[in-house]
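Numbering (numbering that gives the first Met the number 0), first residue to last: 0 to 316.
Just so you know, even glycine gets a beta-carbon here, dropped at the ideal spot from N, CA and C.
Computed from a predicted model, the values in this text were never measured in an experiment.
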Amino acid sequence: MASTLLNMDPVVRCPVELPDIAFKDAAEARRWVQDERDNLLAVARQALAGPDPATAIGLAIGLHWPFCYQGWHTQLADIYAHAIEVADRTAAWEDKAQLRSFLGWAHRDQGRYDAAIAQLQTALTDWDRAGMPRRKVGALSNLGVIHTIVGRLDDALAYLESALTLNDDAERPGALPVLRNNRVHVYYRQGRFDEAIAEARQLVELWPKTDPLAGAGSAHDSLGDIYLHAGRLTEAVESYTTAVRLLGESGYHLKEARSRWWLGAALHGLERHGEARRQWAESVRLLRDARLLTPREATEILSRPVPETPQPIKNML
């Protein structure tokens, strides 16, 4: 976002008085974003129709992570698409590449895999045009995730290995555990359980050093997945329970919903049916609150003795 703001033309900007808002912690900031969600969406759309493209693009990019944690980033798809058009008019290749990466992410989490792949592939070209080939790491990672979800495991591994090769650990230290974590999901789907467990256990130890809540929670979530697929249900429950706690504390409610769903599956496999139903219900509530499920869809899912996995859960690793 800073790179776009540096290019703002002061002639077209209107001076504004901003309130002196100081948040005492991340939780308070998240509550503010929750309260202002619809206003932030409206402001972003209004800005993209205004005379200051750099500010508008910066706002669209800046909304991604606060919205992603809540599961709202799919609501930004039209904003990303409009912002790409604005960036195209100003030949802002770096911004276009970042926006296309985010739009591909939003399409992915809506299950629109072909559209997601198209955006992410174009983002790779845009990063090259911007003269920033190492920034392709995020798009390559997401391409790896999508190909993992659809079962193209060799392609998924190739994308992730390319991302690992390009990644600059000094510039983006948080990217390495994400990439290794995504690779874990390829390994266990290939039946390489020992390798997957060894890698996931390393991430459980290493990730908390850079991201003690969301990152650590994701590491435990992945370890739970491996144990679940390997039939080691008691260990899966332990890992998922830790993941749910950490992800809930981090405010990463979209990933928390995923962990709760598969925790329910592991509990059901252990015939702890009441506990399983409670986890499934909480997962569905989080997805409904994120507007990834309608109230009717939520009711239909939970009406079955053993509910079918919601599509938003299927769209995530």
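Looking at 228, 313 and 253, the one whose alpha-carbon comes closest to that of residue 268 is 228. The beta-carbon distance between residue 306 and residue 286, rounded to whole angstroms, is 12 Å. This is too long to meet the 8 Å contact definition. If you ignore the 5 residues before and after residue 235, its C-beta comes within less than 6 Å of the C-beta of 223, 226, 227 and 265, all in its own chain and listed in chain order. DSSP places residue 313 inside the alpha helix (DSSP H), whose first and last residues are 310-313. Each residue's CA atom was taken as its position, placing residue 170 and residue 162 some 14 Å apart. Secondary structure within the segment 125-190: not one fully enclosed beta strand (DSSP E) run of 3 or more consecutive residues is present.
If only uninterrupted alpha helix (DSSP H) runs of at least 4 residues are considered, those enclosed by the segment 212-259 are 213-228 and 232-249. Cβ neighbours of residue 158 within its own chain (closer than 6 Å, five residues either side excluded): 139, 142 and 143.
In this structure, residue 76 lies away from residue 98, with their beta-carbon atoms at least 8 Å apart. In the DSSP annotation of this structure, residue 73 is not part of any alpha helix (DSSP H), being labelled neither H nor E. Shown here for residue 35: not one same chain residue has a beta carbon closer than 8 Å to its own, the five before and five after excluded.
Counted as a single uninterrupted DSSP element, the alpha helix (DSSP H) harbouring residue 100 occupies residues 92-108. With contact defined as three or more Cβ pairs closer than 8 Å, the segment 292-304 and the segment 243-263 are not in contact.
Here the alpha carbons of residue 257 and residue 197 stand approximately 22 Å from one another.
From the listed residues 303, 204 and 301, the smallest Cα separation to residue 219 is found for 204. A straight line joining the alpha-carbon of residue 45 with that of residue 237 spans about 47 Å.
DSSP places residue 46 inside the alpha helix (DSSP H), whose first and last residues are 36-47. The three-state reading of DSSP puts residue 202 in helix, counting H, G and I together. Annotation: residue 63 to residue 74 spans about 10 Å, alpha carbon to alpha carbon. Separation of residue 272 and residue 24 (C-alpha to C-alpha, rounded to the nearest whole angstrom) is 37 Å.
Taking the Cβ atoms as the reference, residue 134 lies roughly 7 Å from residue 96, within the contact range of under 8 Å. In this structure, the CA atom of residue 84 is about 16 Å from the CA atom of residue 117.
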